[in-house]
Structure formats: C-alpha cells, structure tokens
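Residue numbers (our numbering), protein chains in the order written: chain V, 6 to 401; chain U, 279 to 359.
We put the CB at the ideal spot given by N, CA and C, even for glycine.
Fair warning: this is a prediction, and the values are worked out from it, not measured in the lab.
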Amino acid sequence: MEGGYRRAVAHTTVQPSTASLTAGLLDASRGPLHPLAAQTLTAALGVAWADPGARHAPGRAARAHLDTARAVLAGALGARPDELSLHGSAEEALALGLDGLLHARRRAGDRTVAGATERSVLLLRAGAEDAVAVEGTGRVDADAWERAVAAPGVAAAVLQTANGEVGTRQPVERLARAARDAGVPLLLDATASVGREPLPPGAGDVVVADAASFGGPPLGLLVVRTGTRSSLPAPRREAEHGRAFAAPWVPLALAAAEAWRQTEHACADDTREARALVDRVRAAAAGVRDVEVLGDPTDALPHVVTFSVLLADGEALVDELAARGVAVASGSACTSSTLRPSHVLAAMGVLTHGNVRVTLPLASVAPDREDAVALLCRELPDAVRAVRVRMGTEDL
Amino acid sequence: MSGDATVDARGTRCPVPVIRVARATQDLSPGSTVVLLADDVAARSDVPAWARMRGHGLTLEDEGSWTRYTVVVGTTVARST
C-alpha cells in the first residue's frame, strides 16, 4: 500500500514504503530532505551517534562533527559558532529566544511588540490583543510599530523577515532601526526565508531559523548575538551555551549543515526559477472568477503564493486538488483542528474561507516541481468550478 | 423579497454564513438591506471581505456571543469576470 507500512514475516516493522511522495508536491512548509543531506544523515548514523558531551572516543568524534556542523550553520546566519545553539524545533528556538530577552529585560518591562502576522508561538507570549496592525498585504504598519517600540514598558520586539503563509516581506531595515533607536532588543524570525533569500545583514539581536526551510531536517537554530542581554529563568540548562537541557542529536546537525552547503550553492538559481513558477500560479489564480490572490505580488518570498476562493470551502478545494494530483495547504478554519481561520489571513482582513496555499519545494528535493505547477494551473479553474457546483454557490 | 430580510446563521460554521448572506442579497436592488446574525469566528473576516469584493456596504454590531452584520446592497455589483 503506497504511503503505508509493510508487514515483515516474523515481526511488524514501521519501515515506510519507499514510494516517492513528492509528485505534485506544492506544500513545502516542511519539505523532504535534500538528497545529499539524506546521504549525510545515513553516513552520520555510523560515526556521530554518541553524546557529544562524553569523554570517550565516540563522544569526542561526535563533538568534532557537531563543531563542524555548528560552524557551517552559524555561517548560514552570519553568526559565530559560539552565538548559535541548536534545538529540537524552530518553535522551541523562537520561544527560548524570546524568553531569554524577556527575562533579561524584566526590570525594563514585560511588554512585547509583535506584528499581528507573527507566528503563533510568539503571539502566545506577546499577547495577540496588543499586536501591531498589518496592512492588507500583511506588511506591518511601520508608523504603528515605531510608536509601539517607543512606548514605556517594552522588553522586546519580534519581527519576521517575511511571512511564511502569504510570502509578504517585512520592512526589516526600518523596523529594526526603530527598535534599536528605542533601545529594545529585536528577535528576527527568519524561519520562512533562510535558504530562499539572503538575510538582511546585521538585523536582529536574536535570529531564529529552521533547517527544514533549506532542505535539512526540522532543527531550530537560535543565534544570540554577542553583547545581547539574554538569560533564561531557572532551572539551569547545561547544553548549547546554557540554552538547552540536552545536546542535539549530532546526525541531525550534520544533515542540516550539508543541506545548507548544497542550498546556499543553488540559492540564486532556485530563487529565480521559483519566482517565475509562483508568478504562473498567481496569474492562473487571478484568472478564475472571484478569486483573490493575497499578499504583496512582488515584495515577497520567491516560493510562496496564497489565494482565497469566494464562496468555496477550503477543505473541499484541498481535497479536490489532491484528487487531481496536486498537494496544497490551506489557512481556512475548516482545515484546522481548532476550527479557527489562520490568524494571518484574519489580521490582513481578507477572505479566510476557500484558502489555498502554495509553498514551492526546493528544486533539489522536488525536481518535478515545474510539472506540479503546470498541473495546478491547468486543473485550478475546473477544480474551483467543481467545488462551487457541489456547494451550490456557482451562481452567487 | 422584502428589503429587510434577516438571515440567522448562528450555529453554522465557515463558509456557511457568508454563503447564506450572499444568497439573500442575490437579485436585490441597490440600497436594500439584509441582516445576518452569525457566531462563527471566520465570519468576522469573511463577511467584510465578501462585502468589499461585491461592493456592498456593511456595519457590524457585537451582541456578545454573536455578531449582527447589516449589509446594504451596493450600486455597483463588483462581480469580477
């Protein structure tokens, strides 16, 4: 059974089938590993499995491999190895990064300035009610941000390089300068952009990335720049510069470093191709009646595009496209476990129902992504019509 | 159809409230009003976005656990091709 599990003769196994799942894949919010990262991971299983804190030979070998991986990954973020810690997930790195700033600045205040389209893990800490408003494209209202960071009692600010759901870039240089002028430390969330486009140089006192965004395994990367005041509340953490309870599993760090090396090399070409493919999706969606293409059309990530189909159900659209061989995501309420629409779409004041989100995988992990885009563009008008007819909204 | 139709979509979820108000405004002359009652969180985003796309006027009133949406049918029906 494709995608299922094979049953061995004498015992059950959880070894998955090796059938490719990347055909038609246009949802790379978590994509497959870069093939060379997968090879590195396999090789590392034999040589880097030990606890890098152990003093015996395998431990020392693992430590040397971890040092190598850390140097490569720090370079990816324009940081020094002693500024970078590795964590189980990007969400964990984001939470630790913000907690460290807030705890160190607890005498200055307890407020966090954050745009309304930041990731949920950050808004849960910042308090979504106080979030800085965004424009219809999802770009943070810069005047409102400047007022917010200059207000009393602000301990930290958080800003995404670009929004992973709609693609819109934030005006990082201007907003970072405002935070710096106000003496407020800034956490820069680069989890959607690293590997797709260069980081704004020097921005952010804390920078967070996700190795999954550049073809690595999910691995949280947390940079706290030298001179930034950051401390975590008790209990004391021994690993990763005092930021983690345990060292990372070294094979994952090596796979992430290999993914970065390969993706960095291919980034400029990949970005150019991705932008052209995303523009095709944008044009195809805009050509369907009562479809609103969302986000900034040009000042945006190269690989993300999202649109909402008026009077259609997001879940039905995702299923209809899946039946036609295209895997997309949705920010609609009916596709989420909480039955709440994407807070990003709601903050932008756009349609949250009938939402379709395309996140183009890297060409290295999905070599047939152009075919997937062509299939989506071909099938979309009829898929929308089919869903509307089924829902009885075709004539509305 | 009278110009003061009320659609009670409380208890229904996205995208049902916006579909029902769209159906109720269909074929109404400009200036007619339709009142929608809904308690679905997604409707807070979707009814205003729909009204904007269709060129209808809209006012929202919070009634505690639900919202009253008063739609004034627009003069230019901005139905794109």
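Buried versus exposed, by CB contacts within 10 Å (16 or more), residue i
| i | result |
| --- | --- |
| Val-394 of chain V | exposed |
| Trp-54 of chain V | exposed |
| Arg-174 of chain V | buried |
| Asp-135 of chain V | exposed |
| Leu-297 of chain V | According to the sequence shown, residue 297 of chain V is Glu rather than Leu. With 16 or more other Cβ atoms within 10 Å, it is buried. |
| Val-318 of chain V | For the sequence presented, residue 318 of chain V should be read as Asp rather than Val. The residue in question, Asp-318 of chain V, is buried, as its Cβ has 16 or more Cβ neighbours within 10 Å. |
| Gly-188 of chain V | exposed |
| Gly-300 of chain V | buried |
| Gly-397 of chain V | exposed |
| Gly-58 of chain V | exposed |
| Arg-152 of chain V | exposed |
| Gln-304 of chain U | exposed |
| Val-325 of chain U | buried |
| Pro-190 of chain V | buried |
| Phe-219 of chain V | buried |
| Ala-302 of chain U | buried |
| Ser-25 of chain V | exposed |
| Val-19 of chain V | exposed |
| Ala-377 of chain V | buried |
| Phe-250 of chain V | exposed |
| Arg-116 of chain V | buried |
| Ala-156 of chain V | exposed |
| Ser-342 of chain V | exposed |
| Thr-231 of chain V | exposed |
| Arg-383 of chain V | exposed |
| Arg-277 of chain V | exposed |
| Gly-169 of chain V | buried |
| His-61 of chain V | exposed |
| Thr-284 of chain U | exposed |
| Asp-275 of chain V | buried |
| Glu-202 of chain V | buried |
| Glu-263 of chain V | buried |
| Glu-325 of chain V | buried |
| Gly-247 of chain V | exposed |
| Pro-307 of chain V | buried |
| Arg-144 of chain V | buried |
| Ser-22 of chain V | exposed |
| Leu-78 of chain V | buried |
| Gly-158 of chain V | exposed |
| Glu-123 of chain V | buried |
| Arg-374 of chain V | buried |
Integer-rounded CB distance, given that residue j should sit under 8 Å from residue i
| i | j | result |
| --- | --- | --- |
| Leu-101 of chain V | Leu-192 of chain V | No, Leu-101 of chain V and Leu-192 of chain V are not in contact; Cβ-Cβ is about 10 Å, not under 8 Å. |
| Pro-37 of chain V | Thr-27 of chain V | 6 Å |
| Ser-413 of chain V | Ala-271 of chain V | Here chain V has residues from 6 to 401 only, and residue 413 of chain V is not among them. |
| Thr-166 of chain V | Pro-222 of chain V | About 21 Å separates the two Cβ atoms, so there is no contact after all. |
| Glu-140 of chain V | Asp-148 of chain V | Not a contact, Cβ separation roughly 11 Å. |
| Val-163 of chain V | Val-309 of chain V | Val-163 of chain V to Val-309 of chain V, Cβ: 20 Å. No contact. |
| Asp-56 of chain V | Ala-252 of chain V | 7 Å |
| Leu-315 of chain U | Ala-287 of chain U | 6 Å |
| Leu-367 of chain V | Thr-268 of chain V | 6 Å |
| Thr-353 of chain U | Pro-293 of chain U | With a Cβ gap of about 26 Å, Thr-353 of chain U and Pro-293 of chain U do not count as contacting. |
| Val-363 of chain V | Leu-41 of chain V | Not confirmed; about 25 Å, so no contact. |
| Val-228 of chain V | Leu-82 of chain V | 5 Å |
| Leu-99 of chain V | Val-137 of chain V | Contact flag wrong, Cβ pair sits at about 17 Å. |
| Trp-328 of chain U | Val-296 of chain U | 5 Å |
| Val-255 of chain V | His-70 of chain V | 5 Å |
Beta-bridge partners of residue i, as assigned by DSSP
| i | result |
| --- | --- |
| Asp-340 of chain U | U:Thr-345 |
| His-92 of chain V | V:Gly-225 |
| Glu-384 of chain V | Per DSSP, none; premise fails for Glu-384 of chain V. |
| Arg-362 of chain V | V:Thr-311, V:Ala-334 |
| Gly-335 of chain U | U:Val-350 |
| Thr-117 of chain V | V:Ala-161 |
| Glu-297 of chain V | V:Ser-313 |
| Thr-284 of chain U | U:Val-313 |
| Ala-300 of chain U | According to DSSP, Ala-300 of chain U bridges with nothing at all. |
| Ala-371 of chain V | None; Ala-371 of chain V has no bridge partner. |
| Ala-305 of chain V | V:Thr-173 |
9 Å Cβ cutoff, residue i in contact with chain C
| i | result |
| --- | --- |
| Ser-323 of chain U | Going by chain labels, chain C is absent from the structure shown, which instead holds the protein chains V and U. |
Jot down the residue ranges of each uninterrupted alpha helix (DSSP H) in the region 31-85 of chain V, minimum 4 residues, whole runs only, in chain order. 40-52, 62-81
Threshold first: 3 residues or longer. Then list the beta strand (DSSP E) segments lying entirely within the region 198-264 of chain V, N to C. 211-215, 225-229
Beta strand (DSSP E) segments (min. 3 residues) lying fully within the region 119-199 of chain V: 159-165, 191-194
Are at least three pairs of beta-carbons, each pair with one atom in the region 321-332 of chain V and one in the region 344-355 of chain V, less than 8 Å apart? no
How do the region 279-290 of chain V and the region 343-351 of chain V stand: do at least 3 beta-carbon pairs fall below 8 Å, yes or no? no
Hey, is the region 273-289 of chain V in contact with the region 238-257 of chain V, meaning 3+ C-beta pairs nearer than 8 Å? no
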